[in-house]
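Asks: Numbered according to this note's numbering, the sequence shown spans residues 20 to 496.
After the C-alpha coordinates below, expect a handful of questions from me.
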Amino acid sequence: MIKNFNQHNKGALLVLVLVFGTIFFLIVMSFMGFVVTQSQIQENKLQQERALAIAEAGLDYYKWFLAHYPSDVTNGTGLPGPYDIPYSDPELGVIGTSSLSIASSTYCGVVSNIEIYSTGYTAEKPNLTRTVYGRYSRPTVAEYAYIINSNVWAGPDRTIIGPYHSNGVIRMDGTNNSTVTSGQEDWVCDGSINCGASGVTLDAVFGDGPNFALWNFPSTPINFTGLTLDLAVMKDRAENGGGISIPPTASNDYGYRLDFQNDGTLDVYTVDTVYSYYSYNSEDGDGSERNVIDDDNFYATYTLNPDCPLVFVEDKVWLGGDLSMKVTVAAADTDTAGVDPSIILNDNITYATSSAGLLAVAEDDVLVGLVVPDNMILNGIFVAQNGRFGRNHYRTSGSYDVLSIHDSYVKRNSLTINGTIVSNGRVGTKWVNGFGNFTSGFDTRYNSYDRNLVDDPPPLAPHTSDDYRFIEWREEI
20 MIKNFNQHNK GALLVLVLVF GTIFFLIVMS FMGFVVTQSQ IQENKLQQER
70 ALAIAEAGLD YYKWFLAHYP SDVTNGTGLP GPYDIPYSDP ELGVIGTSSL
120 SIASSTYCGV VSNIEIYSTG YTAEKPNLTR TVYGRYSRPT VAEYAYIINS
170 NVWAGPDRTI IGPYHSNGVI RMDGTNNSTV TSGQEDWVCD GSINCGASGV
220 TLDAVFGDGP NFALWNFPST PINFTGLTLD LAVMKDRAEN GGGISIPPTA
270 SNDYGYRLDF QNDGTLDVYT VDTVYSYYSY NSEDGDGSER NVIDDDNFYA
320 TYTLNPDCPL VFVEDKVWLG GDLSMKVTVA AADTDTAGVD PSIILNDNIT
370 YATSSAGLLA VAEDDVLVGL VVPDNMILNG IFVAQNGRFG RNHYRTSGSY
420 DVLSIHDSYV KRNSLTINGT IVSNGRVGTK WVNGFGNFTS GFDTRYNSYD
470 RNLVDDPPPL APHTSDDYRF IEWREEI
(Lines of atoms letter the chains of each structure in order from A and count residues from 1; the text may use other names and numbers.)
(Lines give C-alpha, C1' and ligand atoms only; values in the text may rest on other atoms or scores of the structure.)
Protein backbone atom coordinates (compact mmCIF):
# COMPACT_ATOMS: atom_id res chain seq x y z
CA MET A 1 0.00 0.00 0.00
CA ILE A 2 2.81 2.38 0.91
CA LYS A 3 4.66 1.36 -2.23
CA ASN A 4 1.74 2.26 -4.45
CA PHE A 5 1.39 5.63 -2.72
CA ASN A 6 5.05 6.50 -3.36
CA GLN A 7 4.76 5.52 -6.97
CA HIS A 8 1.67 7.72 -7.32
CA ASN A 9 3.51 10.69 -5.77
CA LYS A 10 6.46 10.21 -8.08
CA GLY A 11 4.16 10.22 -11.09
CA ALA A 12 2.40 13.35 -9.95
CA LEU A 13 5.71 15.10 -9.35
CA LEU A 14 6.89 14.18 -12.82
CA VAL A 15 3.75 15.65 -14.31
CA LEU A 16 4.26 18.86 -12.35
CA VAL A 17 7.87 19.07 -13.47
CA LEU A 18 6.85 18.58 -17.07
CA VAL A 19 4.05 21.15 -16.84
CA PHE A 20 6.11 23.81 -15.12
CA GLY A 21 9.11 23.02 -17.29
CA THR A 22 6.98 23.50 -20.37
CA ILE A 23 5.57 26.74 -19.01
CA PHE A 24 9.06 27.98 -18.15
CA PHE A 25 10.31 26.97 -21.58
CA LEU A 26 7.45 28.80 -23.27
CA ILE A 27 8.09 31.89 -21.13
CA VAL A 28 11.79 31.83 -21.94
CA MET A 29 11.13 31.30 -25.65
CA SER A 30 8.50 34.04 -25.67
CA PHE A 31 10.89 36.39 -23.92
CA MET A 32 13.65 35.51 -26.33
CA GLY A 33 11.24 35.99 -29.24
CA PHE A 34 10.22 39.34 -27.78
CA VAL A 35 13.86 40.34 -27.42
CA VAL A 36 14.60 39.28 -30.99
CA THR A 37 11.49 41.03 -32.31
CA GLN A 38 12.32 44.22 -30.45
CA SER A 39 15.85 44.02 -31.75
CA GLN A 40 14.51 43.66 -35.28
CA ILE A 41 12.09 46.54 -34.74
CA GLN A 42 14.88 48.74 -33.43
CA GLU A 43 17.11 47.72 -36.32
CA ASN A 44 14.35 48.49 -38.80
CA LYS A 45 13.77 51.86 -37.15
CA LEU A 46 17.49 52.57 -37.38
CA GLN A 47 17.54 51.59 -41.05
CA GLN A 48 14.47 53.75 -41.71
CA GLU A 49 16.10 56.75 -40.04
CA ARG A 50 19.17 56.16 -42.16
CA ALA A 51 16.92 55.90 -45.21
CA LEU A 52 15.41 59.30 -44.34
CA ALA A 53 18.88 60.82 -44.00
CA ILE A 54 19.84 59.33 -47.36
CA ALA A 55 16.66 60.71 -48.96
CA GLU A 56 17.43 64.19 -47.60
CA ALA A 57 20.99 63.85 -48.86
CA GLY A 58 19.50 63.26 -52.29
CA LEU A 59 17.75 66.63 -52.14
CA ASP A 60 20.96 68.30 -50.96
CA TYR A 61 22.87 66.68 -53.79
CA TYR A 62 20.52 68.07 -56.41
CA LYS A 63 20.61 71.52 -54.89
CA TRP A 64 24.38 71.37 -55.36
CA PHE A 65 23.89 70.09 -58.90
CA LEU A 66 21.55 72.98 -59.77
CA ALA A 67 24.10 75.48 -58.49
CA HIS A 68 26.46 74.20 -61.19
CA TYR A 69 23.91 73.34 -63.89
CA PRO A 70 20.87 75.61 -63.50
CA SER A 71 17.63 74.37 -65.03
CA ASP A 72 18.99 70.84 -65.73
CA VAL A 73 16.34 68.41 -64.51
CA THR A 74 17.92 65.23 -65.95
CA ASN A 75 20.99 64.94 -63.68
CA GLY A 76 23.17 65.69 -66.69
CA THR A 77 21.96 62.63 -68.60
CA GLY A 78 19.39 64.17 -70.92
CA LEU A 79 17.26 61.11 -70.18
CA PRO A 80 14.14 60.63 -68.05
CA GLY A 81 14.57 59.46 -64.47
CA PRO A 82 14.53 58.24 -61.82
CA TYR A 83 18.21 58.78 -61.10
CA ASP A 84 20.00 56.61 -58.52
CA ILE A 85 22.60 58.48 -56.48
CA PRO A 86 24.94 56.32 -54.32
CA TYR A 87 25.33 57.40 -50.70
CA SER A 88 28.80 56.68 -49.33
CA ASP A 89 30.43 56.53 -45.93
CA PRO A 90 34.11 57.57 -45.85
CA GLU A 91 35.07 54.31 -44.11
CA LEU A 92 32.42 51.82 -45.21
CA GLY A 93 31.91 52.88 -48.81
CA VAL A 94 28.43 52.85 -50.37
CA ILE A 95 25.85 52.24 -47.65
CA GLY A 96 22.69 53.31 -49.45
CA THR A 97 21.03 54.97 -52.42
CA SER A 98 18.75 57.92 -53.05
CA SER A 99 16.50 57.59 -56.09
CA LEU A 100 15.48 60.96 -57.55
CA SER A 101 12.36 61.69 -59.59
CA ILE A 102 12.61 65.24 -60.95
CA ALA A 103 10.11 67.48 -62.69
CA SER A 104 10.00 71.18 -63.50
CA SER A 105 7.33 73.83 -63.92
CA THR A 106 8.08 75.89 -66.99
CA TYR A 107 6.61 78.97 -68.61
CA CYS A 108 7.49 79.80 -72.20
CA GLY A 109 10.25 77.19 -72.05
CA VAL A 110 11.89 78.78 -69.01
CA VAL A 111 12.11 76.81 -65.75
CA SER A 112 10.10 78.43 -62.97
CA ASN A 113 10.64 75.88 -60.17
CA ILE A 114 11.87 72.33 -59.78
CA GLU A 115 10.14 69.51 -57.88
CA ILE A 116 12.07 66.50 -56.59
CA TYR A 117 10.92 63.27 -54.95
CA SER A 118 13.90 61.60 -53.28
CA THR A 119 13.48 58.00 -52.07
CA GLY A 120 16.24 56.78 -49.78
CA TYR A 121 17.13 53.26 -48.64
CA THR A 122 20.12 51.46 -47.12
CA ALA A 123 22.12 48.65 -48.69
CA GLU A 124 21.24 46.41 -45.72
CA LYS A 125 17.49 46.94 -45.93
CA PRO A 126 16.61 48.13 -49.45
CA ASN A 127 12.96 47.29 -48.86
CA LEU A 128 12.69 49.90 -46.07
CA THR A 129 12.34 53.24 -47.87
CA ARG A 130 11.61 56.85 -46.92
CA THR A 131 10.57 59.50 -49.45
CA VAL A 132 10.87 63.27 -49.14
CA TYR A 133 9.59 65.97 -51.47
CA GLY A 134 11.36 69.24 -52.14
CA ARG A 135 10.49 72.19 -54.34
CA TYR A 136 13.29 74.51 -55.39
CA SER A 137 13.11 77.97 -56.84
CA ARG A 138 15.31 81.02 -57.22
CA PRO A 139 14.19 84.01 -55.12
CA THR A 140 12.47 86.79 -57.04
CA VAL A 141 11.43 90.38 -56.45
CA ALA A 142 8.09 89.04 -55.17
CA GLU A 143 9.70 88.73 -51.72
CA TYR A 144 9.71 92.53 -51.41
CA ALA A 145 7.05 95.19 -51.14
CA TYR A 146 9.44 97.69 -52.75
CA ILE A 147 12.80 97.66 -54.51
CA ILE A 148 13.89 101.17 -55.50
CA ASN A 149 17.09 102.37 -57.12
CA SER A 150 16.73 105.97 -55.95
CA ASN A 151 16.17 108.15 -52.90
CA VAL A 152 12.60 107.87 -51.65
CA TRP A 153 10.18 109.32 -49.09
CA ALA A 154 7.40 107.19 -47.56
CA GLY A 155 4.80 109.53 -46.09
CA PRO A 156 2.99 109.21 -42.74
CA ASP A 157 -0.21 107.85 -44.31
CA ARG A 158 1.65 104.81 -45.64
CA THR A 159 1.28 101.28 -44.26
CA ILE A 160 3.82 98.86 -45.72
CA ILE A 161 3.83 95.10 -45.17
CA GLY A 162 6.87 93.34 -46.56
CA PRO A 163 10.55 94.21 -46.98
CA TYR A 164 11.21 97.73 -48.27
CA HIS A 165 14.59 98.30 -49.93
CA SER A 166 16.26 101.21 -51.65
CA ASN A 167 19.75 101.46 -53.02
CA GLY A 168 19.44 105.14 -52.15
CA VAL A 169 18.32 107.01 -49.04
CA ILE A 170 14.95 106.45 -47.36
CA ARG A 171 12.85 108.90 -45.38
CA MET A 172 10.41 106.62 -43.57
CA ASP A 173 7.50 108.46 -41.97
CA GLY A 174 5.07 105.62 -42.61
CA THR A 175 4.41 102.42 -40.67
CA ASN A 176 6.58 99.55 -41.82
CA ASN A 177 5.78 96.07 -40.55
CA SER A 178 8.93 94.51 -41.97
CA THR A 179 12.51 95.50 -42.60
CA VAL A 180 13.49 98.79 -44.22
CA THR A 181 16.95 98.57 -45.75
CA SER A 182 19.20 100.99 -47.58
CA GLY A 183 22.31 100.27 -49.57
CA GLN A 184 23.82 103.49 -48.16
CA GLU A 185 25.32 104.19 -44.74
CA ASP A 186 24.71 107.93 -44.50
CA TRP A 187 23.88 110.87 -46.70
CA VAL A 188 24.41 114.60 -46.92
CA CYS A 189 21.01 116.30 -47.15
CA ASP A 190 20.51 118.09 -50.45
CA GLY A 191 17.16 119.63 -49.56
CA SER A 192 15.09 116.89 -51.21
CA ILE A 193 12.70 114.36 -49.58
CA ASN A 194 12.08 116.88 -46.79
CA CYS A 195 15.44 116.10 -45.18
CA GLY A 196 15.88 119.49 -43.53
CA ALA A 197 18.86 121.80 -43.91
CA SER A 198 21.18 121.13 -46.83
CA GLY A 199 24.67 119.96 -45.93
CA VAL A 200 23.65 118.06 -42.78
CA THR A 201 24.78 114.41 -42.65
CA LEU A 202 21.93 111.99 -41.95
CA ASP A 203 21.53 108.25 -41.57
CA ALA A 204 20.63 106.46 -44.79
CA VAL A 205 17.24 105.61 -43.23
CA PHE A 206 15.66 108.40 -41.22
CA GLY A 207 12.24 109.87 -40.49
CA ASP A 208 9.37 109.75 -38.01
CA GLY A 209 8.18 106.20 -38.64
CA PRO A 210 7.39 104.25 -35.44
CA ASN A 211 9.10 100.96 -36.27
CA PHE A 212 12.66 102.20 -36.51
CA ALA A 213 13.94 99.01 -34.86
CA LEU A 214 13.38 97.35 -38.23
CA TRP A 215 15.53 99.87 -40.11
CA ASN A 216 18.83 98.43 -41.29
CA PHE A 217 21.68 100.22 -43.05
CA PRO A 218 23.96 99.84 -44.77
CA SER A 219 22.72 96.59 -46.27
CA THR A 220 23.93 94.89 -49.39
CA PRO A 221 22.70 96.89 -52.39
CA ILE A 222 20.46 95.03 -54.80
CA ASN A 223 22.01 94.97 -58.25
CA PHE A 224 19.32 96.75 -60.22
CA THR A 225 21.07 95.91 -63.47
CA GLY A 226 20.77 92.26 -62.49
CA LEU A 227 17.01 92.73 -62.06
CA THR A 228 16.69 94.14 -65.56
CA LEU A 229 14.79 91.74 -67.76
CA ASP A 230 16.06 91.04 -71.26
CA LEU A 231 13.14 92.47 -73.18
CA ALA A 232 14.44 91.10 -76.48
CA VAL A 233 14.29 87.59 -75.00
CA MET A 234 10.75 88.25 -73.75
CA LYS A 235 9.76 89.37 -77.24
CA ASP A 236 11.21 86.18 -78.72
CA ARG A 237 9.33 84.05 -76.17
CA ALA A 238 6.10 85.81 -77.04
CA GLU A 239 6.63 85.35 -80.77
CA ASN A 240 8.08 81.83 -80.78
CA GLY A 241 7.34 80.30 -77.40
CA GLY A 242 3.56 80.31 -77.39
CA GLY A 243 2.90 83.79 -76.02
CA ILE A 244 1.07 86.77 -77.51
CA SER A 245 2.92 89.43 -79.49
CA ILE A 246 1.15 92.69 -80.34
CA PRO A 247 2.84 94.99 -82.89
CA PRO A 248 3.06 98.79 -82.70
CA THR A 249 -0.12 100.71 -83.45
CA ALA A 250 -0.54 102.90 -86.50
CA SER A 251 1.22 106.26 -86.39
CA ASN A 252 -2.00 108.11 -85.59
CA ASP A 253 -2.81 105.92 -82.56
CA TYR A 254 -1.36 106.10 -79.05
CA GLY A 255 -1.10 102.49 -77.91
CA TYR A 256 -3.34 99.71 -76.60
CA ARG A 257 -5.76 99.26 -73.75
CA LEU A 258 -5.58 95.76 -72.29
CA ASP A 259 -8.58 94.49 -70.34
CA PHE A 260 -8.14 91.06 -68.75
CA GLN A 261 -11.26 88.91 -68.38
CA ASN A 262 -11.82 86.36 -65.63
CA ASP A 263 -12.30 83.55 -68.17
CA GLY A 264 -8.67 83.54 -69.26
CA THR A 265 -9.09 85.85 -72.23
CA LEU A 266 -7.73 89.30 -72.98
CA ASP A 267 -9.63 92.06 -74.78
CA VAL A 268 -7.40 94.54 -76.57
CA TYR A 269 -8.38 97.99 -77.83
CA THR A 270 -6.44 100.55 -79.86
CA VAL A 271 -6.32 103.97 -78.22
CA ASP A 272 -7.33 106.47 -80.90
CA THR A 273 -7.66 109.78 -79.07
CA VAL A 274 -6.37 111.03 -75.72
CA TYR A 275 -6.46 114.15 -73.56
CA SER A 276 -3.23 116.13 -73.40
CA TYR A 277 -2.46 117.48 -69.93
CA TYR A 278 0.44 119.03 -68.10
CA SER A 279 1.57 117.17 -65.01
CA TYR A 280 4.51 117.29 -62.62
CA ASN A 281 6.89 114.73 -61.18
CA SER A 282 9.98 115.08 -59.02
CA GLU A 283 12.43 113.81 -61.63
CA ASP A 284 11.28 115.59 -64.80
CA GLY A 285 9.39 118.60 -63.47
CA ASP A 286 6.43 119.89 -65.50
CA GLY A 287 5.70 118.23 -68.79
CA SER A 288 2.97 117.27 -71.20
CA GLU A 289 1.45 113.80 -71.04
CA ARG A 290 -1.20 111.85 -72.95
CA ASN A 291 -2.29 109.28 -70.39
CA VAL A 292 -6.08 109.85 -70.28
CA ILE A 293 -8.05 107.95 -72.92
CA ASP A 294 -10.74 109.83 -74.82
CA ASP A 295 -11.69 107.06 -77.26
CA ASP A 296 -10.58 103.54 -78.16
CA ASN A 297 -11.69 100.84 -80.60
CA PHE A 298 -11.82 97.07 -80.30
CA TYR A 299 -8.73 95.40 -81.74
CA ALA A 300 -8.83 91.68 -80.82
CA THR A 301 -9.61 89.08 -78.15
CA TYR A 302 -6.84 86.67 -77.21
CA THR A 303 -7.00 83.43 -75.26
CA LEU A 304 -4.06 83.19 -72.89
CA ASN A 305 -1.85 80.11 -73.22
CA PRO A 306 -1.36 78.47 -69.78
CA ASP A 307 2.05 77.18 -70.92
CA CYS A 308 3.20 80.66 -71.91
CA PRO A 309 0.90 83.38 -70.52
CA LEU A 310 3.11 86.18 -71.83
CA VAL A 311 1.83 89.30 -73.60
CA PHE A 312 4.48 91.44 -75.30
CA VAL A 313 3.27 94.80 -76.61
CA GLU A 314 5.50 96.98 -78.75
CA ASP A 315 3.71 100.15 -77.72
CA LYS A 316 2.28 102.05 -74.78
CA VAL A 317 -0.18 100.07 -72.67
CA TRP A 318 -3.20 101.02 -70.55
CA LEU A 319 -3.83 98.13 -68.16
CA GLY A 320 -6.71 96.82 -66.05
CA GLY A 321 -8.99 93.84 -65.54
CA ASP A 322 -9.64 90.65 -63.58
CA LEU A 323 -7.11 87.84 -63.97
CA SER A 324 -7.78 84.13 -63.52
CA MET A 325 -4.21 82.87 -64.05
CA LYS A 326 -0.61 84.00 -63.84
CA VAL A 327 0.23 86.44 -66.63
CA THR A 328 3.19 88.59 -67.62
CA VAL A 329 2.74 91.79 -69.63
CA ALA A 330 5.65 93.69 -71.14
CA ALA A 331 5.51 97.06 -72.90
CA ALA A 332 8.73 97.64 -74.83
CA ASP A 333 10.17 98.57 -78.20
CA THR A 334 13.41 96.66 -78.62
CA ASP A 335 13.97 97.82 -82.21
CA THR A 336 13.68 101.60 -82.05
CA ALA A 337 16.34 103.48 -80.13
CA GLY A 338 14.99 106.17 -77.82
CA VAL A 339 11.44 104.77 -77.81
CA ASP A 340 10.66 103.31 -74.37
CA PRO A 341 6.94 102.57 -73.88
CA SER A 342 5.24 102.97 -70.50
CA ILE A 343 2.36 101.23 -68.78
CA ILE A 344 -0.59 103.25 -67.47
CA LEU A 345 -2.62 101.59 -64.71
CA ASN A 346 -6.02 103.08 -65.48
CA ASP A 347 -8.36 100.69 -63.65
CA ASN A 348 -8.45 98.15 -60.83
CA ILE A 349 -6.37 95.01 -61.34
CA THR A 350 -7.90 92.13 -59.41
CA TYR A 351 -7.60 88.34 -59.20
CA ALA A 352 -10.53 86.04 -59.93
CA THR A 353 -8.75 82.99 -58.47
CA SER A 354 -6.22 82.36 -55.72
CA SER A 355 -3.74 81.04 -58.30
CA ALA A 356 -3.72 84.24 -60.36
CA GLY A 357 -0.82 86.66 -60.51
CA LEU A 358 0.50 89.52 -62.64
CA LEU A 359 3.92 90.76 -63.66
CA ALA A 360 3.77 94.07 -65.56
CA VAL A 361 7.08 95.31 -67.00
CA ALA A 362 7.50 98.66 -68.72
CA GLU A 363 10.63 99.68 -70.55
CA ASP A 364 10.09 103.16 -69.11
CA ASP A 365 7.49 104.17 -66.47
CA VAL A 366 4.64 102.39 -64.73
CA LEU A 367 2.20 105.16 -63.84
CA VAL A 368 -1.18 105.24 -62.14
CA GLY A 369 -3.49 107.20 -64.43
CA LEU A 370 -5.58 110.27 -63.71
CA VAL A 371 -9.04 108.81 -64.36
CA VAL A 372 -9.02 105.91 -61.91
CA PRO A 373 -11.35 104.54 -59.17
CA ASP A 374 -11.61 106.53 -55.94
CA ASN A 375 -10.53 103.47 -53.96
CA MET A 376 -8.12 101.78 -56.31
CA ILE A 377 -6.85 98.21 -55.99
CA LEU A 378 -3.75 96.99 -57.81
CA ASN A 379 -2.59 93.38 -57.60
CA GLY A 380 0.69 92.39 -59.16
CA ILE A 381 4.41 92.94 -59.54
CA PHE A 382 5.07 96.24 -61.31
CA VAL A 383 8.51 96.89 -62.81
CA ALA A 384 9.54 100.29 -64.17
CA GLN A 385 12.74 99.13 -65.79
CA ASN A 386 14.31 102.42 -66.81
CA GLY A 387 11.76 104.83 -65.36
CA ARG A 388 9.70 105.12 -62.21
CA PHE A 389 6.49 103.97 -60.55
CA GLY A 390 4.09 106.65 -59.38
CA ARG A 391 1.23 109.02 -60.08
CA ASN A 392 1.99 112.46 -61.44
CA HIS A 393 0.83 115.67 -59.79
CA TYR A 394 -2.24 117.24 -61.43
CA ARG A 395 -3.82 120.66 -60.90
CA THR A 396 -7.42 121.87 -60.89
CA SER A 397 -6.57 125.53 -61.44
CA GLY A 398 -4.01 127.68 -63.21
CA SER A 399 -2.56 127.42 -66.68
CA TYR A 400 -1.62 123.76 -66.23
CA ASP A 401 -4.98 122.55 -64.93
CA VAL A 402 -6.99 119.58 -66.18
CA LEU A 403 -10.42 119.96 -67.76
CA SER A 404 -13.28 120.47 -65.32
CA ILE A 405 -14.71 117.04 -66.21
CA HIS A 406 -11.59 115.53 -64.66
CA ASP A 407 -11.24 117.81 -61.62
CA SER A 408 -12.71 115.22 -59.26
CA TYR A 409 -10.07 112.67 -60.28
CA VAL A 410 -7.10 114.79 -59.21
CA LYS A 411 -7.52 113.70 -55.57
CA ARG A 412 -8.46 110.08 -54.89
CA ASN A 413 -9.19 108.44 -51.56
CA SER A 414 -7.07 105.29 -51.30
CA LEU A 415 -4.62 103.09 -53.17
CA THR A 416 -4.16 99.46 -52.13
CA ILE A 417 -1.31 97.54 -53.72
CA ASN A 418 -0.96 93.79 -53.13
CA GLY A 419 2.34 92.85 -54.66
CA THR A 420 5.67 94.44 -55.45
CA ILE A 421 6.96 97.74 -56.82
CA VAL A 422 10.31 97.71 -58.62
CA SER A 423 11.29 101.21 -59.70
CA ASN A 424 14.51 102.56 -61.11
CA GLY A 425 13.46 106.10 -60.22
CA ARG A 426 11.81 107.73 -57.23
CA VAL A 427 8.28 106.56 -56.44
CA GLY A 428 5.37 108.72 -55.33
CA THR A 429 1.58 108.57 -55.45
CA LYS A 430 0.63 111.43 -53.10
CA TRP A 431 1.40 115.13 -53.32
CA VAL A 432 1.18 117.83 -50.65
CA ASN A 433 1.88 121.55 -50.79
CA GLY A 434 4.33 123.54 -48.70
CA PHE A 435 1.84 123.60 -45.81
CA GLY A 436 1.46 119.82 -45.82
CA ASN A 437 -2.02 119.92 -47.35
CA PHE A 438 -3.05 117.06 -49.65
CA THR A 439 -3.33 118.39 -53.22
CA SER A 440 -3.11 115.45 -55.64
CA GLY A 441 -2.87 111.66 -55.76
CA PHE A 442 -4.15 109.23 -53.11
CA ASP A 443 -4.91 110.34 -49.58
CA THR A 444 -4.07 106.99 -47.96
CA ARG A 445 -1.94 104.17 -49.29
CA TYR A 446 -1.58 100.56 -48.22
CA ASN A 447 1.12 98.28 -49.60
CA SER A 448 1.61 94.58 -48.93
CA TYR A 449 3.78 92.07 -50.70
CA ASP A 450 1.84 89.06 -52.03
CA ARG A 451 2.90 85.93 -50.16
CA ASN A 452 1.31 83.73 -52.84
CA LEU A 453 3.66 85.11 -55.48
CA VAL A 454 6.79 84.51 -53.40
CA ASP A 455 6.72 80.74 -53.94
CA ASP A 456 4.96 80.76 -57.30
CA PRO A 457 5.63 84.00 -59.21
CA PRO A 458 4.34 84.91 -62.68
CA PRO A 459 6.40 83.91 -65.74
CA LEU A 460 9.87 85.42 -66.11
CA ALA A 461 9.77 87.33 -62.80
CA PRO A 462 13.16 88.97 -62.10
CA HIS A 463 15.41 86.96 -59.79
CA THR A 464 17.29 88.53 -56.89
CA SER A 465 19.70 85.58 -56.78
CA ASP A 466 20.74 82.77 -59.11
CA ASP A 467 20.96 80.27 -56.24
CA TYR A 468 18.15 77.74 -55.88
CA ARG A 469 16.66 77.26 -52.44
CA PHE A 470 13.95 75.19 -50.79
CA ILE A 471 10.54 76.76 -50.86
CA GLU A 472 8.71 73.61 -49.74
CA TRP A 473 9.71 70.37 -47.98
CA ARG A 474 7.70 67.47 -46.68
CA GLU A 475 7.95 63.74 -46.12
CA GLU A 476 5.69 61.58 -48.24
CA ILE A 477 3.86 59.10 -46.03
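Glycine included, C-beta positions come from ideal geometry on N, C-alpha and C.
Model, not experiment: these values are computed from the prediction.
Which whole runs of the beta strand (DSSP E) in the stretch 379-424 are 3 residues long or more, in chain order?
Replies: Taking only runs of at least 3 residues, the beta strand (DSSP E) segments lying wholly in the stretch 379-424 are 385-387 and 394-403.
Asks: Go through its chain and collect everything with a Cβ distance to Phe43's Cβ below 7 Å, but skip five positions before and after it.
Replies: For the purposes of this step, residue 43 is taken as residue 24 along the sequence shown, with counting starting at 1. So the list is empty, once near-sequence residues are dropped.
Asks: Skipping 5 residues on each side, what residues in its chain have a beta carbon closer than 6 Å to that of Phe331?
Replies: Start at 1 with the first residue of the sequence shown, and residue 331 comes out as number 312. Closer than 6 Å at the Cβ level, and outside the excluded window around Phe331, lie Met253, Lys254, Ala257, Ser264 and Ala349.
Asks: Once DSSP output is grouped into helix, strand and coil, what is the label at Met191?
Replies: Counted from its first residue, the sequence shown places residue 191 at position 172. Reduced to three states, the DSSP call for Met191 is strand.
Asks: Near Ile363, which residues of its chain fall below 6 Å by C-beta distance, leaving aside the five closest residues on each side in sequence?
Replies: Start at 1 with the first residue of the sequence shown, and residue 363 comes out as number 344. Correct list, in chain order: Asn310, Trp337, Leu386 and Gly388.
Asks: In this structure, what does DSSP give as the bridge partners for Ser120?
Replies: Taking the first residue of the sequence shown as 1, we reach residue 120 at position 101. In the DSSP output, where bridge partners are listed per residue, Ser120 has Tyr136.
Asks: Per DSSP, what kind of secondary structure is Ile60 in: helix, strand or coil?
Replies: In the sequence shown, residue 60 corresponds to position 41, counting from 1. Three-state DSSP puts Ile60 in a helix.
Asks: Thinking C-alpha only, which one of Leu111, Val151, Tyr102 and Lys430 is nearest Val391?
Replies: Locating residue 391 in the sequence shown gives position 372, counting from the first residue. Taking only the C-alpha atoms, the option nearest Val391 is Lys430.
Asks: Quick check: what's the CA-CA separation for Thr239 versus Thr439?
Replies: Walking along the sequence shown from the start, residue 239 turns up at place 220. Walking along the sequence shown from the start, residue 439 turns up at place 420. So the two alpha carbons sit approximately 19 Å from each other.
Asks: Do Gly181 and Ser197 count as a contact pair if the criterion is CB distance below 8 Å?
Replies: Residue mapping note: residue 197 aligns to position 178 of the sequence shown, counting from 1. Residue mapping note: residue 181 aligns to position 162 of the sequence shown, counting from 1. Yes, the pair counts as a contact, with Cβ atoms nearer than the cut-off.
Asks: Please name the residue in Asn281, Val199, Ala86 and Ser270 whose C-alpha comes closest to that of Asn230.
Replies: One-based indexing of the sequence shown puts residue 230 at position 211. Asn230 has its Cα closest to that of Val199, out of Asn281, Val199, Ala86 and Ser270.
Asks: According to DSSP, is Asp230 helix, strand or coil?
Replies: Working through the sequence shown from its first residue, we reach residue 230 at position 211. Rather than Asp, the amino acid found at residue 230 in this sequence is Asn. Of the three classes helix, strand and coil, the one that applies to Asn230 here is coil, per DSSP.
Asks: So Gly193 and Gly228 are supposed to be a Cβ contact under 8 Å. How far apart are they, rounded?
Replies: In the sequence shown, residue 193 corresponds to position 174, counting from 1. In the sequence shown, residue 228 corresponds to position 209, counting from 1. At roughly 6 Å, the Cβ-Cβ gap stays under 8 Å, so Gly193 and Gly228 are in contact.
Asks: Report yes or no: do the stretch 478-496 and the stretch 451-470 share at least 3 C-beta pairs separated by less than 8 Å?
Replies: Short answer: they don't touch.
Asks: From this set, Cys208, Asp354 and Phe243, which residue's C-alpha is nearest Gly226's C-alpha?
Replies: For the purposes of this step, residue 226 is identified with residue 207 of the sequence shown, where counting begins at 1. Considering only alpha carbons, the answer is Cys208.
Asks: Between the alpha carbons of Ala381 and Thr320, how many angstroms are there, rounded?
Replies: The residue you call residue 381 lines up with position 362 of the sequence shown. The residue you call residue 320 lines up with position 301 of the sequence shown. Their backbone Cα atoms lie some 22 Å apart in a straight line.
Asks: Could you check how far apart the C-beta atoms of Ile212 and Trp172 are, in whole angstroms? I think they sit under 8 Å.
Replies: Residue 212 sits at position 193 when you count from the first residue of the sequence shown. Residue 172 sits at position 153 when you count from the first residue of the sequence shown. With 8 Å as the limit, Ile212 and Trp172 qualify as a contact, their Cβ atoms being about 4 Å apart.
Asks: Once the 5 residues before and after Asn300 are set aside, which same chain residues still bring their CB inside 6 Å of it?
Replies: The residue given as residue 300 occupies position 281 in the sequence shown. Closer than 6 Å at the Cβ level, and outside the excluded window around Asn300, lie Asn411.
Asks: Helix, strand or coil for Arg276 per DSSP?
Replies: The sequence position of residue 276 within the sequence shown is 257, counting from 1. The answer is strand: DSSP assigns Arg276 an E or B state.
Asks: Would you say the stretch 101-112 touches the stretch 124-134, given that touching needs at least three Cβ pairs under 8 Å?
Replies: No, they do not touch.
Asks: What does the Cβ neighbour count give for His184, buried or exposed, with the cut at 16 atoms within 10 Å?
Replies: Numbered from 1 along the sequence shown, position 165 holds the residue referred to as residue 184. Buried is the call here.
Asks: Cβ atoms of Val402 and Ala379: under 8 Å apart, would you say?
Replies: Start at 1 with the first residue of the sequence shown, and residue 379 comes out as number 360. Start at 1 with the first residue of the sequence shown, and residue 402 comes out as number 383. For Ala379 and Val402, yes; Cβs fall inside 8 Å.
Asks: Does the distance from the CB of His449 to the CB of Gly174 come in under 8 Å?
Replies: Position 430 of the sequence shown, counted from the start, is the residue given in the question as residue 449. Position 155 of the sequence shown, counted from the start, is the residue given in the question as residue 174. Looking at the sequence provided, one finds Lys at residue 449 rather than His. Contact flag set, yes.
Asks: Assuming Thr268 contacts Thr244 (C-beta within less than 8 Å), just tell me the rounded distance between them.
Replies: Translated into positions along the sequence shown, residue 268 becomes position 249. Translated into positions along the sequence shown, residue 244 becomes position 225. Contact flag wrong, Cβ pair sits at about 30 Å.
Asks: Which residues in the same chain have their Cβ closer than 7 Å to the Cβ of Ser270, if we skip the five residues on either side of it in sequence?
Replies: Within the sequence shown, numbered from 1, the residue matching residue 270 stands at position 251. Counting only Cβ-Cβ distances below 7 Å, and skipping sequence neighbours, we find nothing.
Asks: Any idea what DSSP makes of Thr372, helix, strand or coil?
Replies: Within the sequence shown, the letter at position 353 stands for residue 372. If DSSP states are grouped into helix, strand and coil, Thr372 belongs with coil.
Asks: Would you mind stating whether Pro101 and Ser118 have Cβ atoms separated by less than 8 Å?
Replies: For the purposes of this step, residue 101 is taken as residue 82 along the sequence shown, with counting starting at 1. For the purposes of this step, residue 118 is taken as residue 99 along the sequence shown, with counting starting at 1. Yes, the pair counts as a contact, with Cβ atoms nearer than the cut-off.
Asks: Give the straight-line distance between the Cα atoms of Asp282 and Ile167, rounded to the nearest whole angstrom.
Replies: Residue numbering aside, residue 282 sits at position 263 when the sequence shown is read from its first letter. Residue numbering aside, residue 167 sits at position 148 when the sequence shown is read from its first letter. Approximately 34 Å, taken between the alpha carbons.
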